[in-house]
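Q:
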Amino acid sequence: MRRDASIEVGKFLDAAAEPLQLTLLSDWGELDRKITSMRIQKPGLALSGFVKHVFPDRIQVLGLTEIDYLLSCSPEQARAGLEAFCSKPLCCLAISRGLDPPDFLMDVARRHGVPVLRSPLMSSVFISRLTRKLEDLLSPRATIHGVLIDVLGVGLLLIGRSGVGKSEAALDLILKGHRLVADDIVEVSVRPPDTVWGAALEMHQHHMEIRGLGILNITHLFGVAAVRDNKKIEVVVELSEAQEEDYDRLGTEPQVWPILGVDVPLARIPLRPGRNIASLIEVVARNQVLKFRGHDSAREFQEKINARIAASARGANIRSPGPDVPVPTPRASSGAVPSPEVE
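Position 296 of the sequence shown, counting from 1, maps to 385 under this note's numbering, and the rest follow consecutively.
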């Protein structure tokens with residue numbers, strides 16, 4: 090289930106007030122306006138009335154330059170520019186450096202219902218933190234049925250039908266010292282530049298359901314080192330009971346599983362009685378670490394086979410006589426007594 094990438098100003102203020110040190114200066118409501126863009130905008134010429142390139146779905150950041158410009162203009166000129174600027178309509182204004190907004194700015198914002206926020210942070214620091222926060226809040230999101238676990242620093246998303254043994258395999262991995270991120274329902278999001286991150290829903294965080302045991306609190310059982318809040322998904326591991334011939338025996342054919350438009354490497358593990366699934370999943374993580382370092386075992390093995398075949402073909406061509414090579418003929422008998430055959 091995918092969610093729309095937008096957030097109301099009021100909810101954004103609740104989520105970002107502490108990290109961005111934001112306070113609300115306006116008292117006229119309108120906090121239900123939508124922020125739909127991860128990018129911010131500095132108004133610049135828009136304050137003079139040139140509003141052709143103003144994007145109302147972006148947070149408009151006013152720093153020292155913008156406030157000084159407004160104060161340097163005549164009140165009539167400043168109001169005219171602000172009237173055109175705030176009529177877009179804007180989702181909200183954010184003033185950096187803890188600057189006091191001019192009274193006519195607040196009057197125009199009130200008339201158009203534009204919320205006004207303020208932060209004491211320097212403009213560059215505020216914009217950097219604001220952009221990161223918007224990327225987190227406005228990333229495309231979806232929920233996936235599976236288990237997300239951190240194995241050797243590699244985020245593995247275990248998928249498969251309900252009851253196939255995903256949680257049990259994850260529990261075995263936790264006993265080996267690896268870390269749980271989410272069980273049963275994984276909330277995934279895409280962060281620039283095309284990386285997929287996963288986390289647990291707030292109510293499910295650090296909990297796991299094991300059939301026959303019920304709900305387990307992994308933090309209480311194994312300590313805080315056995316869990317983490319979120320992790321980048323680097324490999325999708327599919328556990329299924331498909332036939333053996335449905336799987337790539339050599340691993341030379343790259344397979345991917347799309348998540349919100351991003352292709353994530355896919356590893357498919359067939360389930361059989363007696364197989365140690367947790368160990369196989371751990372090997373998937375180790376193999377992925379090797380790939381990160383430029384070593385693809387399956388591809389290197391295939392290249393060795395191809396090189397051996399090519400060398401054998403070249404050797405056969407060298408040894409085989411060409412059409413112009415004379416074939417020796419048997420010499421005539423010299424009349425000598427033949428040697429007896431040895432039986």
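Glycine residues also receive a C-beta, built at the ideal position from the N, C-alpha and C atoms.
Would you tell me roughly how many angstroms separate the C-alpha atoms of P229 and E330, rounded to the nearest one?
A: P229 and E330: Cα-Cα distance of roughly 32 Å.
Q: Only counting the same chain, and skipping five residues up and downstream in sequence, which positions put a Cβ closer than 7 Å to that of D283?
A: Same-chain partners within the cutoff: V351.
Q: When you compare each of M297, V373, A402 and L160 to K310 by their alpha carbons, which one comes out closest?
A: Reading off the sequence, residue 310 comes out as Leu, not Lys. Nearest of M297, V373, A402 and L160 to L310, Cα basis: M297.
Q: Enumerate in chain order the residues of its own chain whose CB-to-CB distance from T308 is below 8 Å, with the five nearest sequence positions on each side excluded.
A: So the qualifying residues of the chain are H295, A315 and V316.
Q: Taking DSSP as the reference, what is the three-state secondary structure of I248?
A: Looking at I248 - three-state DSSP - the assignment turns out to be strand.
Q: Please list the segments of the beta strand (DSSP E) lying wholly inside the stretch 239-306, counting only runs of 3 or more residues, in order along the chain.
A: List check, beta strand (DSSP E) in window: 243-248, 268-271, 274-280, 284-289, 296-299 and 303-306.
Q: Quick check on T220: does DSSP put it in helix, strand or coil?
A: The answer is helix: DSSP assigns T220 an H, G or I state.
Q: Looking at the structure shown, is R382 part of a helix, part of a strand, or coil, going by DSSP?
A: Of the three classes helix, strand and coil, the one that applies to R382 here is coil, per DSSP.
Q: Across the stretch 367-381 and the stretch 234-241, are there enough close Cβ pairs to call them in contact, namely three or more that are closer than 8 Å?
A: Taking 8 Å as the limit for Cβ pairs, the verdict is that the stretch 234-241 does touch the stretch 367-381.
Q: If contact is defined by three or more beta carbon pairs under 8 Å, each pair taking one atom from either stretch, is the stretch 154-174 in contact with the stretch 183-198?
A: At 8 Å Cβ cutoff, the stretches touch.
Q: Please report the straight-line C-alpha distance between R221 and T125, rounded to a whole angstrom.
A: Each residue's Cα considered, the two are about 14 Å apart.
Q: I'd like to confirm the pairing. Which residues does DSSP put opposite H142 in its beta bridges?
A: Per DSSP, none; premise fails for H142.
Q: Identify which residue in R268, R300, F174 and V140 has its Cα closest to the Cα of A289.
A: It is R268.
Q: Expressed to the nearest angstrom, what Euclidean distance is found between the alpha-carbon atoms of C162 and S208?
A: Near 24 Å, if we compare the C-alpha coordinates of S208 and C162.
Q: Can you tell me whether V313 is buried or exposed? The criterion is at least 16 other CB atoms within 10 Å of its CB, across all chains shown.
A: The residue in question, V313, is exposed, as its Cβ has fewer than 16 Cβ neighbours within 10 Å.
Q: Based on DSSP bridge pairs, tell me the residues matched to E165.
A: E165 pairs with nothing; no bridge assigned.
Q: Taking only beta-carbon positions, decide if L223 is within less than 7 Å of chain D.
A: You won't find chain D in this structure, because it holds only one protein chain.
Q: So, I322 versus V345, is the Cβ gap smaller than 7 Å?
A: Cβ distance not < 7 Å, so I322 and V345 don't count as in contact.
Q: Compare the C-alpha of D272 against each of G266, V279, R280 and A258 and name the closest.
A: Per the Cα distances, A258.
Q: Using the DSSP secondary-structure output, state which residues sit across from V112 in a beta bridge.
A: Going by the sequence as given, residue 112 is Thr instead of Val. The partner list for T112 (beta bridge, DSSP) reads R207.
Q: Express the C-alpha separation of A400 and V431 in angstroms, rounding to a whole number.
A: Residue confidence is low: V431 scores 42 on pLDDT, short of 50, so the model does not pin down where it sits. No coordinate-derived value is stated.
Q: Quick check on this structure: which residue in L369, N395, P281 and N365 has the alpha carbon closest to the alpha carbon of R128?
A: The residue with the shortest Cα to Cα distance from R128 is P281.
Q: Can you tell me whether F215 is buried or exposed? The criterion is at least 16 other CB atoms within 10 Å of its CB, across all chains shown.
A: Answer is buried; the Cβ neighbour count reaches 16.
Q: At what residue ranges does the stretch 338-363 contain a whole run of the alpha helix (DSSP H), taking only runs of 4 or more?
A: Complete alpha helix (DSSP H) runs here, min 4: none at all.
Q: Going by C-alpha distance, which of L260, S278 and G133 is nearest I366?
A: Nearest C-alpha to I366: L260.
Q: Tell me where the alpha helix (DSSP H) around A231 begins and ends.
A: Counting along the chain, A231 falls outside any alpha helix (DSSP H), though it belongs to the beta strand (DSSP E) covering R230 to H234.
Q: Thinking E371 and L262 are a contact (beta carbons under 8 Å), I'd like their distance in whole angstroms, please.
A: Right, their Cβ atoms sit about 7 Å apart.
Q: Less than 6 Å between C-beta atoms, sequence neighbours within five positions excluded: which residues of the same chain meet that for L114?
A: V205 and R207, listed in sequence order.
Q: Could you give the DSSP three-state label for L226: helix, strand or coil?
A: Residue state, collapsed to three classes: helix.
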